[in-house]
Amino acid sequence: MEGVKQKWDLTGVINDTEITTTLRIVVQVTPGVSMVFNGSMPTEVDGLPLHPLLVHLPVVLVPLLVLFALAYVLIPPVRQRIGWAVLVLAVIAPVAVFFTRWSGEKFAASLPSAPNGLADHEKFGDWLLWASIAILPLFLLFGALERGRRTAAGRAFTPTVKEGEEAPKPRTDDPAATGRRVVMIVLGVLLIAAAAANAYIVFESGHTGAKMVWYTGS
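In terms of the numbering used here, the sequence shown opens at residue 16 and continues consecutively.
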C-alpha cells in the first residue's frame, strides 16, 4: 500500500518525477511563446519557411493524443500505465499546434497573394488549437475521479461471515460512488467527442493544406 500512496496527483497515475518532467516541458516552451508575442521568433530555418517544418509536429502529436486519450477512457486496466503519456501529450500537442498556426500566419503574410483554400486551412488550424486545448481539462477532471474510484476500491472489503449466516454484499464505504460514476460517464463521453473532433480537424487541416499547395504549384 505504501507504493500506492506514493503515486499521487490529479490523474492518480503520475508520480513526482513525471510531474516535474511535464513542468520542465512547459518551462522550456514558455520562452518560445514569449518570442512569438514580442516578434523575435525566427520565421525561417536555413532559408526554408518555418511552417512546412513545424507542420509535422501536430500531424504526429495530435493523432497520438487522440489514440492515448481514447485508450485511457475506453480501457480502464491501462489507465494507470498510460496516464502520464496522455498528460504529456495533452500539454505539448496544443503547444505544437500553437507554434504551427503562428508560423503559418507569418508564412501566409509573406506571400505576394493569398492562395486558393487559405481561408479553409486557417479555419481548421484555429479549430485544431482550441480542440487540442480542450482535452487537457477534461482529462484532468476524469483522472481525478478515476483516482477517487481506485482509492475507494482499495478500501472495499467483504465482512466476515459466520457459519450458517448468509453472506452480505461487499461494502465499499463509498457514498459518492454513484455520483462519481455518472460524472465519469459524462466526462468520458466529452473526452471521446473531443478526441474525435481532434482527429477530424487535424485531417481536414492537413487535407486543405495539401490541396492548397498542390493547386498553387500546379
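By construction, the Cβ of each residue, glycine as well, lies at the ideal position given by its N, Cα and C atoms.
Going by Cα to Cα distance, which pick from the options is closest to residue i?
i, options, result
"ALA167", "PRO152, MET227 and THR193", "THR193"
"GLY158", "ARG96, ASP135, VAL217 and PHE139", "ARG96"
"SER118", "VAL101, HIS71 and GLY163", "HIS71"
"ILE107", "GLY98, PRO130, LEU151 and HIS222", "LEU151"
"PRO109", "ASP141, SER125 and LEU126", "ASP141"
Do you know how far the Cα of residue j is from the Cα of residue i?
i, j, result
"LEU69", "VAL204", "31 Å"
"TYR230", "LEU133", "11 Å"
"GLU120", "VAL75", "21 Å"
"THR223", "ASP135", "7 Å"
"ALA225", "PRO91", "37 Å"
"ARG195", "ARG164", "8 Å"
"VAL197", "LEU89", "15 Å"
"TRP99", "TYR87", "10 Å"
"ALA123", "ILE148", "24 Å"
"PRO130", "LEU63", "18 Å"
"THR26", "PRO127", "Confidence at THR26 is low in this model, with a pLDDT of 43, below 50, so the placement of that residue should be treated as unreliable; the coordinate-derived value is given next. Roughly 49 Å between the two C-alpha positions."
"GLU137", "MET227", "11 Å"
"ARG162", "GLY221", "36 Å"
So, residue i versus residue j, is the Cβ gap smaller than 7 Å?
i, j, result
"ALA208", "ALA84", "no"
"LEU102", "LEU156", "no"
"ILE216", "ALA146", "yes"
"ASN213", "VAL93", "no"
"ARG116", "LEU144", "yes"
"LEU160", "LEU206", "no"
"GLU112", "PRO73", "Rather than Glu, the amino acid found at residue 112 in this sequence is Val. Yes. Within cutoff."
"PHE139", "GLU219", "yes"
"LEU104", "LEU65", "no"
Step through the CB atoms of chain C and report whether any lies within less than 7 Å of the CB of residue i.
i, result
"LYS226", "No chain C appears in this structure, which consists of one protein chain only."
By the DSSP assignment, the alpha helix (DSSP H) with residue i in it spans what residues?
i, result
"VAL88", "71-89"
"GLY119", "94-125"
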